[in-house]
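Chemist:
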């Protein structure tokens, strides 16, 4: 089994996450074009009930298993690693089965409460099995991440994304083409879009099964799961108790995180005002769902692309921070912490600058058949960009808090952020529509970042050098300026949305890389640091 250091492991995970996000875009963008705003509301409603349950059960699994595995390895307790893996699969599979059954039982009442009808029931039922398979896959990923081998996680993410995109689009396309025939089998429905949304969701379920089959096939190769002959020092009951104890706060924190989706669904649908002039083809009674489906299916889809990639920094930083904290190497802890946050900022800032400037062009390129939906959320996407940077920086902070034994802090921090999100939506959505939800999202993640950063630094004594982050901000400003000039020149020359986007991305990227290489050479090309033995106390 190969081990990687933080940067190499994080790079492997980020590349795989980028591939998975690309496959996700290949899936979601054509799906949105097929379903439209109303169809995406059924799709989003299924995710709204699925994500809190799924996140509560699975969010803390991989980090908990990785944390315990890395700690056992750092302390020389090699016999505990396999017991941790086997116990995690057994314990969390039972929890996943309960979660799947819960979603099935809540499908009808939740659909009637959220959509006012049974239209979302098929989609909700199709996504229920993912909770069970996701638990097993998360336990397997956590084991390998704790052993500092990121390849299995990377490959499984790519397999899952490929199967999801292929199966989901094929099934959804078939449903749309044969809608009249399928509606005869479902006389309670008079619209094919709920069935098409369910077909797309089925692709998500099949993708999760694909990742599970990958780990099953991985065990056929010798050396992938080595048999450690050292006797385990932990009892199975003790292992199970610690797994649950360390995973539970992360699960609660993830539920709180996904409450923002519930807040958006309820407040946007209930509070948005119907305008006097309606978009073409949208009825007044459908307008609230149209706005919510457009915001959730388009603006938030683009918004989540970059955080989904930088989230891998949290997975990559957890084992080295755990080892540094457990062995009392304070200088190594500070070096790794700064390294993770700088890498997250360096990746997020240029993406936010580019998407903020090119929000209209990006939506036009990605959703060419949905001009009305794009018009609703172009401004919202632009206002989401500050929040994207804050969210990208928060992910590694939460992983580092768990690494030092403070997983419960995430729950309190996320609760504070969700309260800000709810108040912001109630105050802004009636006046600004989807743009109000975007503003409250950015403010929410700003509060979360400040609280998480303060908590981590106070617990560890880590001091962050502001100079490196100022270099990222300065380079981001130059990136935005170069991108704007390139976009303007391309537009004056008659270039369309695609030409403007490509030109701006190339110019902005070149300016950013040049500026960052000149101003943050120390962070980009670090020298080897010696580690101390002083341990900060919390």
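Residue numbers (my numbering): 1246 to 1783.
Don't be surprised by glycine CBs; every beta carbon is placed ideally from N, CA and C.
#1: May I ask which residues mark the beginning and end of the alpha helix (DSSP H) holding residue 1543?
#2: Can you find the residues in the same chain that come closer than 6 Å, C-beta to C-beta, to residue 1745, ignoring five residues on each side of it along the sequence?
#3: Residues in the same chain with beta-carbon distance under 6 Å from residue 1305, minus the five sequence neighbours each way, listed in chain order, please.
#4: Kindly indicate which residue of 1593, 1288 and 1590 has the alpha-carbon position closest to the one of residue 1506.
#5: Which runs of the alpha helix (DSSP H) fall wholly inside the segment 1614-1699 and span at least 4 residues, in chain order?
#6: Check each candidate in 1336, 1693 and 1267 and name the one with the smallest Cα separation from residue 1487.
#7: Decide yes or no for the touch test of the segment 1289-1298 against the segment 1312-1327: beta carbon pairs closer than 8 Å, at least 3 of them.
#8: Kindly indicate which three-state DSSP category residue 1510 falls into: helix, strand or coil?
#9: Near residue 1742, what residues of its chain come up, given a Cβ to Cβ distance below 7 Å and the 5 sequence neighbours on each side ignored?
#10: Mind checking whether residue 1564 and residue 1311 have CB atoms under 9 Å apart?
#11: For residue 1613, is the classification buried or exposed, using 16 other Cβ atoms within 10 angstroms of its Cβ as the cut-off for buried?
#12: Decide yes or no for the touch test of the segment 1344-1351 against the segment 1397-1414: beta carbon pairs closer than 8 Å, at least 3 of them.
#13: In whole angstroms, what separates the C-alpha of residue 1685 from that of residue 1426?
#14: Pull up the CB-CB distance for residue 1635 and residue 1691, whole angstroms please, since I reckon it's below 8 Å.
#15: Taking just the CA atoms, how far does residue 1408 sit from residue 1417?
#16: If you measure between the beta carbons of residue 1439 and residue 1368, is that distance less than 9 Å?
#17: Can you tell me whether residue 1748 is buried or exposed, with buried defined as 16 or more other CB within 10 angstroms of its CB?
#18: With respect to the alpha helix (DSSP H) encompassing residue 1439, which residues constitute its N-terminal and C-terminal limits?
#19: Answer yes or no: do residue 1395 and residue 1302 have a C-beta to C-beta separation smaller than 9 Å?
#20: Of the choices 1581, 1281, 1604 and 1704, whose alpha-carbon is the least far from that of residue 1652?
#21: DSSP three-state call for residue 1278: helix, strand or coil?
#22: With DSSP run on the structure shown, which of helix, strand or coil describes residue 1307?
#23: In the DSSP assignment, the alpha helix (DSSP H) including residue 1707 goes from what residue to what residue?
#24: If contact is defined by three or more beta carbon pairs under 8 Å, each pair taking one atom from either stretch, is the segment 1661-1677 in contact with the segment 1580-1594?
#25: Select from 1415, 1754 and 1389 the residue whose C-alpha is nearest the C-alpha of residue 1460.
#26: Specify the secondary structure class of residue 1557 as computed by DSSP and reduced to three states.
#27: Closest to residue 1519 by CA distance: which of 1509, 1508 and 1532 is it?
#28: Tell me where the alpha helix (DSSP H) around residue 1585 begins and ends.
#29: Excluding sequence positions up to five away, which residues of its chain have a Cβ less than 7 Å from the Cβ of residue 1373?
#30: With 16 as the cutoff for other CB atoms within 10 Å, does residue 1654 come out buried or exposed?
#31: Compute the distance between the beta-carbons of residue 1578 and residue 1570, then report whether it is under 9 Å.
#32: Below 6 Å CB to CB, which residues in the same chain sit around residue 1717 once its five sequence neighbours on both sides are set aside?
#33: Do residue 1682 and residue 1696 have their CB atoms nearer than 9 Å?
#34: What is the rounded straight-line gap between the Cα of residue 1437 and the Cα of residue 1444?
Modeler: If we stick to the structure as given:
#1: Counted from its first residue, the chain shown places residue 1543 at position 298. No alpha helix (DSSP H) holds residue 1543; DSSP gives it neither H nor E.
#2: Position 500 of the chain shown holds residue 1745. Result list for residue 1745: 1606, 1732, 1735 and 1736, in chain order.
#3: To locate residue 1305, count along the chain shown from 1; it is residue 60. Excluding sequence neighbours, residue 1305 sits near 1492, 1495 and 1496.
#4: Taking the chain shown and counting its residues from 1, one reaches residue 1506 at position 261. Closest option to residue 1506, Cα to Cα, is 1288.
#5: 1616-1648 and 1653-1677
#6: Translated into positions along the chain shown, residue 1487 becomes position 242. Selection 1336, 1693 and 1267 evaluated against residue 1487 yields 1336 as nearest (Cα-Cα).
#7: no
#8: In the chain shown, counting from the first residue as 1, residue 1510 sits at position 265. In the structure shown, residue 1510 sits in a helix (DSSP, three-state: H, G or I).
#9: For the purposes of this step, residue 1742 is taken as the residue at position 497 of the chain shown. Counting only Cβ-Cβ distances below 7 Å, and skipping sequence neighbours, we find 1606, 1609 and 1610.
#10: To locate residue 1564, count along the chain shown from 1; it is residue 319. To locate residue 1311, count along the chain shown from 1; it is residue 66. Yes.
#11: Residue mapping note: residue 1613 aligns to position 368 of the chain shown, counting from 1. The residue is exposed, with fewer than 16 neighbouring Cβ atoms inside 10 Å.
#12: The segment 1344-1351 vs the segment 1397-1414: no contact.
#13: On the chain shown, residue 1685 is found 440 positions in, with the first residue counted as 1. On the chain shown, residue 1426 is found 181 positions in, with the first residue counted as 1. Residue 1685 and residue 1426: Cα-Cα distance of roughly 44 Å.
#14: By 1-based counting over the chain shown, the position of residue 1635 is 390. By 1-based counting over the chain shown, the position of residue 1691 is 446. Indeed, because the Cβ distance is near 5 Å, the residues count as touching under 8 Å.
#15: To locate residue 1417, count along the chain shown from 1; it is residue 172. To locate residue 1408, count along the chain shown from 1; it is residue 163. Distance between the alpha carbons of residue 1417 and residue 1408: 14 Å.
#16: On the chain shown, position 194 is the one that residue 1439 refers to. On the chain shown, position 123 is the one that residue 1368 refers to. Yes. Within cutoff.
#17: Counting from 1 along the chain shown, the entry for residue 1748 is found at position 503. The Cβ neighbour count for residue 1748, taken over all protein chains shown within 10 Å, is at least 16; the residue is labelled buried.
#18: What you label residue 1439 is simply residue 194 of the chain shown in a count that begins at 1. 1438-1463 is the span of the alpha helix (DSSP H), which, as asked, contains residue 1439.
#19: Reading the chain shown from its first residue, position 150 is the one you call residue 1395. Reading the chain shown from its first residue, position 57 is the one you call residue 1302. No; because the gap between Cβ atoms is not below 9 Å, this pair is not in contact.
#20: Here the question's residue 1652 lines up with position 407 in the chain shown. Ranking 1581, 1281, 1604 and 1704 by Cα distance to residue 1652 puts 1704 first.
#21: Residue 1278 sits at position 33 when you count from the first residue of the chain shown. In the structure shown, residue 1278 sits in a helix (DSSP, three-state: H, G or I).
#22: Residue 1307 sits at position 62 when you count from the first residue of the chain shown. Looking at residue 1307 - three-state DSSP - the assignment turns out to be helix.
#23: Locating residue 1707 in the chain shown gives position 462, where the first residue counts as 1. Premise fails: residue 1707 is in no alpha helix (DSSP H) and is neither H nor E.
#24: no
#25: Residue 1460 sits at position 215 when you count from the first residue of the chain shown. Among 1415, 1754 and 1389, the Cα nearest to that of residue 1460 is on 1389.
#26: As a first step, residue 1557 is located in the chain shown; it is residue number 312 there, counting from the start. Residue 1557 falls in the helix class under three-state DSSP.
#27: Within the chain shown, residue 1519 is the residue found at index 274, counting from 1. For residue 1519, the nearest C-alpha among the options comes from 1532.
#28: As a first step, residue 1585 is located in the chain shown; it is residue number 340 there, counting from the start. Counting along the chain, the alpha helix (DSSP H) containing residue 1585 begins and ends at 1575-1602.
#29: As a working mapping, residue 1373 is identified with position 128 in the chain shown. Taken in chain order, the residues that qualify are 1345, 1348 and 1349.
#30: By one-based count along the chain shown, residue 1654 stands at place 409. By the 10 Å Cβ count, residue 1654 comes out buried.
#31: Along the chain shown, read from residue 1 onward, the residue named residue 1578 stands at position 333. Along the chain shown, read from residue 1 onward, the residue named residue 1570 stands at position 325. Yes; because the gap between Cβ atoms is below 9 Å, this pair is in contact.
#32: As a first step, residue 1717 is located in the chain shown; it is residue number 472 there, counting from the start. The answer, listed in chain order, is 1590, 1591 and 1594.
#33: In the chain shown, residue 1682 corresponds to position 437, counting from 1. In the chain shown, residue 1696 corresponds to position 451, counting from 1. No.
#34: In the chain shown, residue 1437 corresponds to position 192, counting from 1. In the chain shown, residue 1444 corresponds to position 199, counting from 1. Taking the straight line from one Cα to the other gives about 11 Å.
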